[in-house]
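Written out below as structure tokens is the structure these notes cover.
Number of protein chains: 2
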Amino acid sequence: MAGDRQPRLLTHPDLGDVELTTVLFALSDPSRLALVRELAAEGPRTVEECRGSEPDVPKSTFSHHLRTLREAGLVTNEPLGRRRVVALRREELEGRFPGLLDAVLGH
Amino acid sequence: MAGDRQPRLLTHPDLGDVELTTVLFALSDPSRLALVRELAAEGPRTVEECRGSEPDVPKSTFSHHLRTLREAGLVTNEPLGRRRVVALRREELEGRFPGLLDAVLGH
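Residue numbers (full-length UniProt numbering), protein chains in the order written: chain V, 1 to 107; chain L, 1 to 107.
Right, dumping it as structure tokens:
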């Protein structure tokens with residue numbers, strides 16, 4: 001039954017292993033940058049809430065965007081009950097790439 | 001005759017028209033990022049000098065990288081006699097995207 005499904009645990013890279021170019025690429029798409037801005041401004045959001053902010057993006061594309069951000073170390077995507085919560089890894093990113101996120105979010 | 005060729009004038013975007021995502025994409029390739037770092041550290045260089053720093057990159061790929069950087073407003077590419085000189089648009093970039101280049105070059 002759907003209600004018995006275990007939430008899927010996704011992998012998150014150690015930021016020490018993430019290259020700057022990977023982060024820059026993840027931020028170079030307007031939809032992904034908008035999502036990062038939203039998470040920075042409003043804090044963690046459920047996947048459904050994130051999705052609601054990009055209603056014109058096809059669901060498969062949206063999932064791809066979330067995955068690209070997660071694999072670049074920009075966001076976590078963790079189960080919370082039956083929902084999933086997406087959060088910006090802001091402090092970790094600041095430690096790995098000082099000033100980068102602030103410079104990007106400032107524009 | 002080759003010696004009589006007029007140097008080709010390339011177009012350069014007004015930085016006010018350049019989107020942040022375009023700049024981030026241009027910087028998201030390791031070869032392009034290395035070239036930007038080199039121009040930041042050493043000042044303007046001829047195309048041949050730039051090319052010499054990336055000997056393993058095919059010439060057509062290198063030309064594509066230079067074009068991507070120019071169209072993103074990151075570099076100028078201007079004739080100087082029979083040579084061409086590539087320069088980072090550092091002050092202009094700082095005006096348009098404060099802190100971004102320093103944050104990227106710091107890593």
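Don't be surprised by glycine CBs; every beta carbon is placed ideally from N, CA and C.
Assuming residue i contacts residue j (C-beta within less than 8 Å), just tell me the rounded distance between them.
i                    : j                    : result
residue 72 (chain V) : residue 23 (chain V) : 5 Å
residue 36 (chain V) : residue 74 (chain V) : 6 Å
residue 68 (chain V) : residue 26 (chain V) : 5 Å
Listing by chain order, which chain V residues have their CB less than 7 Å from the CB of residue i?
i                     : result
residue 107 (chain L) : 20, 97
Counting C-beta neighbours from all protein chains within 10 Å, is the total for residue i 16 or more, i.e. buried, or is it exposed?
i                     : result
residue 21 (chain V)  : buried
residue 39 (chain L)  : buried
residue 84 (chain V)  : buried
residue 32 (chain V)  : buried
residue 28 (chain L)  : buried
residue 8 (chain V)   : exposed
residue 89 (chain V)  : buried
residue 96 (chain L)  : buried
residue 41 (chain L)  : exposed
residue 87 (chain V)  : exposed
residue 70 (chain L)  : buried
residue 66 (chain V)  : buried
residue 91 (chain V)  : exposed
residue 45 (chain V)  : buried
residue 101 (chain L) : buried
residue 1 (chain L)   : Bear in mind that a pLDDT of 47 at residue 1 (chain L), under 50, signals an unreliable position, so the number given afterwards is only what the model happens to contain. Classification of residue 1 (chain L): exposed, given that the 10 Å Cβ count is below 16.
residue 93 (chain V)  : buried
Any beta carbon from chain V within less than 9 Å of residue i's own beta carbon?
i                     : result
residue 28 (chain L)  : yes
residue 103 (chain L) : yes
residue 1 (chain L)   : Confidence at residue 1 (chain L) is low in this model, with a pLDDT of 47, below 50, so the placement of that residue should be treated as unreliable; the coordinate-derived value is given next. For residue 1 (chain L), the answer is no, since every Cβ of chain V falls outside 9 Å of its Cβ.
At 8 Å on the CB atoms, spell out the chain V contacts of residue i, in chain order.
i                    : result
residue 62 (chain L) : In chain order: nothing, as chain V lies at least about 17 Å away.
Who are the neighbours of residue i on chain V, taking C-beta pairs under 9 Å?
i                    : result
residue 33 (chain L) : 20, 21, 24
Could you tell me whether the Cβ of residue i comes closer than 9 Å to any Cβ of chain L?
i                     : result
residue 100 (chain V) : yes
Just list the residues that DSSP pairs residue i with in beta bridges.
i                    : result
residue 75 (chain V) : V:88
residue 46 (chain V) : V:85
residue 80 (chain V) : V:83
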